[in-house]
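Novice: Take this structure first; my questions come after.
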Amino acid sequence: MRSVGAGRWRRVASQVGRSVTVWAVSTLTMLVLAGILPDFRLQSPDGDSATDIAMTAAVGAGAFGLLSALVWPLLVRLLLLVPALVLGLLVFFLNGGLLLLAIDVNPAGRGGVAPETAVVVAAVMSAVASATGGALAVRDDDAYRRRLYRLADRRRRSGPPCPADPGTVFLQLDGVGHDVLLDAVDRGAMPTVARWLGRDGSSATHRLAQWRTDWSSQTGASQLGILHGSNHDVPAFRWYEKDSGEVMVCNRPTSAAELQYRAVRRTGDGGLLSLDGASRGNLFGGGADEQALVLSIATRRRSRETRSRSGYFAYFSDPANAVRTAMSFVAEVCREVGQSTRARVHKVRPRVSRGGLYPFVRAFATVVERDVVVAAVMGDMLAGRTAVYADLVAYDEVAHHSGPVGRDAAKVLGRLDRSLALIENVAEHAPRPYRIVLLSDHGQSPGETFRARYGLTLADLVRAGCGLPVPRSARRTRSGA
């Protein structure tokens with residue numbers, strides 16, 4: 165009993181020590197930023213002593229940390245009403261608002277910061293605090309392990325007893341073909357998958373099986389068949405239905421809801437995840453009770469059960485997660501701009517348009533969606549759910565624009581492999597054993613678009629064949645007659 169109590173006090177002392185260290189580093193960061201940025205000051209206009217300035221920084225850093233811990237979760241709940249694509253950008257401005265409030269509540273009345281500078285200061289301080297806390301946790305032998313155990317214990321106490329039989333986690337690497345995966349493993353880009361397959365010299369825990377899609381080789385048909393047992397009458401990613409006079413598009417919420425309804429009606433079964441399942445980041449729900457970032461429920465009336473963006477709250481309620489993901493979002497936008505510029509300079513073919521909003525769409529798919537879905541899967545495993553199905557769309561989004569075997573897509577696979585390693589680590593602390601199934605819904609082949617190949621759109625070709633007017637540029641092509 166004495167050793168248990170002593171261990172508890174050591175953990176408390178360790179946590180207090182880490183908190184004080186993070187506070188001290190945040191205070192030092194605020195002092196440095198005040199010395200660098202002209203619109204950020206920690207003293208009154210008449211000047212203060214070094215001690216007063218240090219105390220102002222300490223109070224400001226402490227207030228910012230407390231506001232981030234107490235107010236941030238409430239802000240994130242409000243952010244659930246905001247479109248997901250702009251969420252990463254709002255993180256910076258809201259974090260800056262918290263810093264402005266932290267400076268204003270300083271009882272000494274010293275200091276001030278311009279609103280635009282507050283955004284920068286808040287982002288830097290959150291990043292430094294997150295990095296410091298992470299470094300201290302690494303130095304603490306079992307800090308990460310204890311945190312996972314606490315989460316698992318909390319979920320077990322709040323829910324029914326967890327079964328002892330294994331659960332299953334299905335991780336879909338969207339658009340990754342068999343040969344693409346093997347090539348990435350052999351090049352050392354995916355060490356986690358290489359270890360699972362025994363290609364690093366260790367004992368294999370998984371076996372690799374190749375399969376072929378039907379004629380409709382795309383996510384909508386494949387995932388509908390996997391989750392709901394039928395992809396009847398899904399001929400393509402989009403098609404025109406004469407009966408209703410509507411264009412069905414697999415990644416449109418109304419179409420996804422209709423396709424799911426048809427599959428359930430045809431099979432008479434709720435889906436793969438009907439028994440204590442969770443659906444994360446998918447087009448369809450699979451009959452799961454817990455759904456987040458699922459397209460087929462995006463148009464339903466919002467409730468606790470059907471809120472498609474509810475997975476964001478669990479992740480972004482931690483301000484460190486919010487800032488880290490937001491900074492990665494901006495970095496990914498810059499990465500895409502650089503990569504697309506390089507492709508144009510080197511005249512890489514085939515090449516598609518990568519301008520407009522695409523850099524932001526890519527950043528959402530490769531950063532925000534990945535981070536939120538992985539965090540949700542970890543929470544599901546710690547909660548002991550029976551079946552979890554999650555779609556990681558990062559590779560598919562990049563491969564469609566950069567090519568399935570290019571350097572840009574290969575780097576995305578490396579980052580996804582690190583996510584797989586994190587999920588595998590969490591499985592060791594889950595209240596039940598888990599089988600991890602890695603699968604893909606389809607592959608990809610490199611090829612030019614119709615317009616790039618023939619100089620006119622398919623619509624122009626049809627119009628020309630019908631004798632209808634076409635643009636002058638289309639008439640000059642060899643296919644425009």
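Counting the sequence shown from 1 gives a position; the numbering used here is that position plus 164.
Beta carbons: idealized from backbone N, C-alpha and C, even for Gly.
(1) Taking the CB atoms as reference points, tell me whether residue 452 and residue 441 lie closer together than 8 angstroms.
(2) Determine the closest residue to residue 533 out of 456, 371 and 436, with distance taken between C-alpha atoms.
(3) Is residue 344 closer than 8 angstroms to residue 357 when the C-beta atoms are compared?
(4) Measure the C-alpha to C-alpha separation of residue 516 and residue 340 and round it to an integer number of angstroms.
(5) Is there contact between the segment 369-382 and the segment 581-590, where contact requires at least three CB pairs shorter than 8 angstroms?
(6) Are residue 355 and residue 364 touching if we call contact CB-CB under 8 angstroms?
(7) Using only alpha-carbon positions, find the residue among 190, 436 and 444 that is nearest to residue 232.
(8) Can you check which of these residues, 414, 500 and 406, is closest to residue 696 by C-alpha distance?
(9) Hey, how far is the Cα of residue 433 from the Cα of residue 396?
(10) Find the nearest neighbour of residue 519 within the set 560, 498 and 265, judged by alpha-carbon distance.
(11) Using the DSSP secondary-structure output, state which residues sit across from residue 442 in a beta bridge.
(12) Out of 403, 606 and 287, state which residue places its alpha-carbon closest to the alpha-carbon of residue 494.
(13) Please specify which runs of the beta strand (DSSP E), each continuous and at least 3 residues long, are wholly inside the segment 402-429, giving them in chain order.
(14) Which two residues bound the contiguous alpha helix (DSSP H) that contains residue 356?
(15) Can at least three beta-carbon pairs, one atom from the segment 565-576 and one from the segment 535-542, be found at a separation below 8 angstroms?
(16) Going by C-alpha distance, which of 342, 326 and 425 is nearest residue 594?
(17) Tell me the residue span of the alpha helix (DSSP H) that contains residue 586.
(18) Measure how close the beta-carbons of residue 195 and residue 221 come, nearest whole angstrom, since I'm counting them as under 8 angstroms.
(19) Exposed or buried, residue 636, counting other C-beta atoms within 10 Å across all chains shown (16 or more means buried)?
(20) When we look at the beta-carbon of residue 510 and count the other beta-carbons within 10 Å, is it buried (16 or more) or exposed?
(21) Residue 384 by DSSP, collapsed to three states: which one?
(22) Nearest by alpha-carbon distance to residue 334: which of 369, 362 and 390 is it?
(23) Would you mind stating whether residue 554 and residue 445 have Cβ atoms separated by less than 8 angstroms?
(24) According to DSSP, is residue 333 part of a helix, a strand, or is it coil?
(25) Here's the rule I'm using: 16 or more other beta-carbon atoms within 10 Å means buried, otherwise exposed. How should residue 612 be labelled?
(26) To the nearest whole angstrom, what separates the beta carbons of residue 531 and residue 505, a pair I think is in contact under 8 angstroms?
(27) Grouping DSSP H, G and I as helix and E and B as strand, with all else coil, what is residue 603?
(28) For residue 371, count the other beta carbons within 10 Å of its own beta carbon; 16 or more makes it buried, fewer makes it exposed. Which is it?
(29) Kindly indicate which three-state DSSP category residue 277 falls into: helix, strand or coil?
Specialist: In brief:
(1) Sequence index remark: in the sequence shown, residue 452 carries index 288 (1-based). Sequence index remark: in the sequence shown, residue 441 carries index 277 (1-based). Cβ atoms of residue 452 and residue 441: closer than 8 angstroms.
(2) Counted from its first residue, the sequence shown places residue 533 at position 369. Out of 456, 371 and 436, 456 has the C-alpha closest to the C-alpha of residue 533.
(3) The residue given as residue 357 occupies position 193 in the sequence shown. The residue given as residue 344 occupies position 180 in the sequence shown. No Cβ-Cβ contact shorter than 8 angstroms links residue 357 with residue 344.
(4) By 1-based counting over the sequence shown, the position of residue 516 is 352. By 1-based counting over the sequence shown, the position of residue 340 is 176. Looking at the two C-alpha atoms, the distance is approximately 19 angstroms.
(5) no
(6) As a first step, residue 355 is located in the sequence shown; it is residue number 191 there, counting from the start. As a first step, residue 364 is located in the sequence shown; it is residue number 200 there, counting from the start. Contact flag set, yes.
(7) Residue 232 sits at position 68 when you count from the first residue of the sequence shown. Among 190, 436 and 444, the Cα nearest to that of residue 232 is on 190.
(8) It is not possible to answer for residue 696, since the shown part of the chain is limited to 165 through 645.
(9) On the sequence shown, position 269 is the one that residue 433 refers to. On the sequence shown, position 232 is the one that residue 396 refers to. Looking at the two C-alpha atoms, the distance is approximately 15 angstroms.
(10) Reading the sequence shown from its first residue, position 355 is the one you call residue 519. When each option's Cα is compared against that of residue 519, the closest is 498.
(11) Sequence index remark: in the sequence shown, residue 442 carries index 278 (1-based). Beta-bridge pairing links residue 442 to 454 and 552.
(12) Here the question's residue 494 lines up with position 330 in the sequence shown. When each option's Cα is compared against that of residue 494, the closest is 287.
(13) 402-405 and 410-413
(14) By one-based count along the sequence shown, residue 356 stands at place 192. Segment 355-360, the alpha helix (DSSP H) holding residue 356.
(15) Judged by Cβ distances under 8 angstroms, the segment 565-576 makes no contact with the segment 535-542, as fewer than three pairs qualify.
(16) By 1-based counting over the sequence shown, the position of residue 594 is 430. It is 326.
(17) On the sequence shown, position 422 is the one that residue 586 refers to. Here the alpha helix (DSSP H) through residue 586 covers 571-591.
(18) Your numbering for residue 195 matches position 31 in the sequence shown. Your numbering for residue 221 matches position 57 in the sequence shown. Indeed they touch by this definition, with Cβ atoms about 5 angstroms apart.
(19) Taking the sequence shown and counting its residues from 1, the one referred to as residue 636 is at position 472. Flag for residue 636 reads exposed.
(20) On the sequence shown, residue 510 is found 346 positions in, with the first residue counted as 1. It is exposed - the Cβ of residue 510 has fewer than 16 other Cβ atoms within 10 Å.
(21) Your numbering for residue 384 matches position 220 in the sequence shown. Helix.
(22) Here residue 334 refers to the residue found at position 170 of the sequence shown. Per the Cα distances, 390.
(23) In the sequence shown, the residue the question calls residue 554 occupies position 390. In the sequence shown, the residue the question calls residue 445 occupies position 281. Contact: yes.
(24) Against the sequence shown, residue 333 aligns to sequence position 169. Of the three classes helix, strand and coil, the one that applies to residue 333 here is strand, per DSSP.
(25) Locating residue 612 in the sequence shown gives position 448, counting from the first residue. Its Cβ having fewer than 16 others within 10 Å, residue 612 is exposed.
(26) The residue labelled residue 531 in the question sits at position 367 within the sequence shown. The residue labelled residue 505 in the question sits at position 341 within the sequence shown. Not a contact, Cβ separation roughly 20 angstroms.
(27) Locating residue 603 in the sequence shown gives position 439, counting from the first residue. If DSSP states are grouped into helix, strand and coil, residue 603 belongs with the strands.
(28) Residue 371 sits at position 207 when you count from the first residue of the sequence shown. Per the 10 Å Cβ criterion, exposed.
(29) For the purposes of this step, residue 277 is taken as the residue at position 113 of the sequence shown. Residue 277: strand per DSSP, three-state reduction.
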